[in-house]
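The numbers in our numbering rise by one with no breaks, and the one at position 158 of the sequence shown is 175. Yeah, the Cβ is synthetic: ideal placement off N, Cα and C, and Gly gets one too. Here's the structure, in structure tokens; my notes come after.
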Amino acid sequence: WWNWYGPSSFEILPEKIQNLWPKFFDKFHPEPDQKHIYRTIHFFLKLCISWIVSWNYSYEQDQHTGIPLLVCKYRIKWWDKFNDEKYDSKYLDNFFNKNPKLCKFAAPDQTTAKFLQAKSTASAMLAQAKTKKEYKKLMAEMLRSLDSESEDESSTSSIKTVDLVDDTTSVTIIRTKKK
């Protein structure tokens, strides 16, 4: 159906709508049950962009047999009265803000990546504890480390080694304060 009645050629679209196409698909991520649908259908459906399909019937003769045929000819055109003023980058951003599940996932920013790395390190350190006492000692040191950080202070680093039960087992905690 789409190949016959859909806007098969983007030349019929106003330039403003044509410019949205690459921007839309830079951000768009279809829902899992809609991945089989043509990309162009998503574009027109999600952004509520319409077009006109018209058809005419005509009589023609078959070239080989000379038998008269009733032929349906389709024509697709842009609706001249369509208001494309609202279709700009701001409209697209607003659309994706209202529909966050349709956005591609962005890579985490540097702050988030650092937090996730610190979280992973903390989990690994806690996994080294063999007793409840060691676990509590590590937890207490990590909490003190977090409490002492201040966002207003300049960036500094300190390294602290926490000895667990005996002299052979220790964990190093690196504390970095933000600028």
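Note on geometry: alpha-carbon atoms of Asn-73 and Asp-50 lie some 36 Å from one another. DSSP places Ile-93 inside the beta strand (DSSP E), whose first and last residues are 85 to 94. Within the same chain, and ignoring the five residues on either side of Gln-78 in sequence, the residues whose Cβ sits closer than 6 Å to its Cβ are Pro-85.
Distance from the CA of Met-156 to the CA of Thr-128, rounded to the nearest whole angstrom, comes to 23 Å. In this structure, Trp-95 sits away from Ile-54, with a CB-CB distance that is not shorter than 7 Å. Closest option to Lys-136, judged by alpha-carbon separation, among Ile-93, Gln-80, Met-159: Met-159. Between the C-alpha atoms of Phe-45 and Arg-56 there is a straight-line separation of about 10 Å. Ala-139 is the residue among Ala-139, Lys-150, Ala-144 whose C-alpha sits nearest the C-alpha of Ser-162. If you check the CB distance, Lys-153 and Tyr-104 do not come in under 7 Å.
Assigned with DSSP and collapsed to three states, Gln-127 falls in helix. The distance from the Cβ of Ser-71 to that of Arg-92 is about 5 Å, consistent with a contact at the 8 Å cut-off. Contiguous beta strand (DSSP E) elements confined to the stretch 29 to 103 occur at 69 to 78, 85 to 94, taking only those with 3 or more residues. Counting other Cβ atoms within 10 Å of its Cβ, Leu-87 stays below 16 and is therefore classed as exposed. The C-beta of Phe-112 has 16 or more other C-beta atoms within 10 Å across all chains shown, which makes the residue buried. Taking His-59 as reference, the option from Ala-146, Leu-37, Pro-31 with the minimal CA-CA separation is Leu-37.
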